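Report on the structure given below.
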Amino acid sequence: MKHGPGALSTKELLAVILMTGTKKEGVLEMANRLVRDYGEKSLLSKTNVSQIAKDLDLPLVKAMQVAASLELGRRLYDNKGAGLPVIRNAKDVYKYLEDMR
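Residue numbers (my numbering): 64 to 164.
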């Protein structure tokens, strides 16, 4: 909490979304397996909840959590150009100016 979500790895962020593991594996083990076995880019391309559950060997509820968070990310990314940019620090300024090229 002190350093914010930016300080977390992709695996740790996924573990936060999943919240709990299963009897078979803990939440961090599950998140690590998903990123290791399927990669970040492959996870981003998945949209069908049943297929996510099958492909990733997840309970349906966990697959729904993954699908919902990915869809939210896609929507926020798609709306990136809408409204005013959010600039909080020098890095944001640099990124904003870089995107204007």
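Glycine is no exception: its CB is placed at the ideal position from the N, C-alpha and C atoms.
Keep in mind the model is a prediction, meaning the values are calculated, not measured.
- Look at K109 here: in three-state DSSP terms it is coil, with no helix or strand label.
- Shown here, S132 sits in a helix according to DSSP, grouped into three states.
- E75 is not a Cβ neighbour of G84, given a cutoff of 8 Å.
- In its chain, beyond the 5 residues on either side, I80, L81, M82 have a beta carbon closer than 8 Å to the beta carbon of Q128.
- Taking 8 Å as the cut-off, the Cβ atoms of V98 and T73 count as close.
- Between K109 and A130, the beta carbon gap of about 7 Å places them in contact (Cβ cut-off 8 Å).
- In the structure shown, K158 adopts helical secondary structure according to DSSP, grouped into three states.
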